[in-house]
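Using our numbering, read the sequence shown as starting at 58 and increasing by one per residue.
Worksheet: the structure to be examined is printed underneath.
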Amino acid sequence: MLFLSEMSAWLAAFAIILGVFALVLEVFFVPGFGVPGVFGVVLLGWGVLLLSVDIFQATQALTVALVVTFVVLVGGVWLAGKINFWNRVKLDNRQDRKEGYVAPSRDLEELLGKVGVAATPMRPAGSALIDGKRIDVVTEGDYIGPGTPVLVIKVEGGRVVVKATDNV
58 MLFLSEMSAW
68 LAAFAIILGV
78 FALVLEVFFV
88 PGFGVPGVFG
98 VVLLGWGVLL
108 LSVDIFQATQ
118 ALTVALVVTF
128 VVLVGGVWLA
138 GKINFWNRVK
148 LDNRQDRKEG
158 YVAPSRDLEE
168 LLGKVGVAAT
178 PMRPAGSALI
188 DGKRIDVVTE
198 GDYIGPGTPV
208 LVIKVEGGRV
218 VVKATDNV
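Next up, the structure:
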């Protein structure tokens, strides 16, 4: 009988360790709450049951653990609100059009073959004035100084590639 009680303690410890391992695996390596998470919760509960003298003590221990977990969770959320934690982790600024945040136009194909003037230094990215519009452009790796005439040689989505030209 002594052998079974000692083995029960080892089995309980093994179940708890394996349950914690399964939960860690679930949290850090497996997306969602799937098989390792359920397996971990079941093993932790079984380990607590094995360590208990009777079912009443096990139920009492699990109830206390759930209540303490709930209180700590609610307290943590309340404390996070008091110390402005949520303001530090959320994106609070807006990207409005009037502040200059605009998506590039997809009608850039019409610029292919057109000539403009470099508005800024291009190292290799910069801006050019093409057809009276300021366009974000890149070179193929060359430096182009401001005021230099440029020719649009390639358009790939929102990326406009230019090179210096003599034609104005």
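Cβ atoms here follow ideal geometry from the backbone N, Cα and C, with glycine treated the same way.
This one's a predicted model, so the numbers in the text were calculated from it and none came from an experiment.
Write down every uninterrupted run of the alpha helix (DSSP H) in the stretch 142 to 176 whose length is 4 residues or greater and which is fully enclosed by it, in chain order. 142 to 146
Simplified DSSP assignment, three categories, for Glu-197: Here residue 197 refers to the residue found at position 140 when the sequence shown is read from its first residue. Residue state, collapsed to three classes: coil.
For a test of the three-state rule: what should DSSP assign to Ile-192, helix, strand or coil? For the purposes of this step, residue 192 is taken as residue 135 along the sequence shown, with counting starting at 1. In this structure, Ile-192 counts as strand in the three-state DSSP scheme.
Within 8 angstroms, do at least three Cβ pairs link the stretch 102 to 112 to the stretch 124 to 136? no
Within a Cβ cutoff of 8 angstroms, which residues of the same chain sit near Val-98, ignoring the five residues on either side of it in sequence? By one-based count along the sequence shown, residue 98 stands at place 41. Answer for Val-98: Gly-76 and Leu-80, listed in chain order.
On the DSSP bridge assignment, give the partners of Glu-213 in chain order. One-based indexing of the sequence shown puts residue 213 at position 156. Paired residues: Arg-216.
Would you be able to state if there are at least three C-beta pairs under 8 angstroms between the stretch 135 to 151 and the stretch 111 to 119? no
Whole-Å CB distance - Val-195 paired with Val-207, under 8 angstroms assumed: The residue labelled residue 195 in the question sits at position 138 within the sequence shown. The residue labelled residue 207 in the question sits at position 150 within the sequence shown. Between Val-207 and Val-195 the Cβ distance is about 11 angstroms, and since that is not below 8 angstroms, they are no contact.
Considering only heavy atoms of the ligand FAD, does any lie closer than 7 angstroms to the CB of Thr-116? Looking at this structure, you won't find the ligand FAD or any other ligand, since it has none at all.
Since Ile-201 contacts Ala-182 with CB under 8 angstroms, what's their CB separation in whole angstroms? Here residue 201 refers to the residue found at position 144 of the sequence shown. Here residue 182 refers to the residue found at position 125 of the sequence shown. At roughly 10 angstroms, the Cβ-Cβ gap does not stay under 8 angstroms, so Ile-201 and Ala-182 are not in contact.
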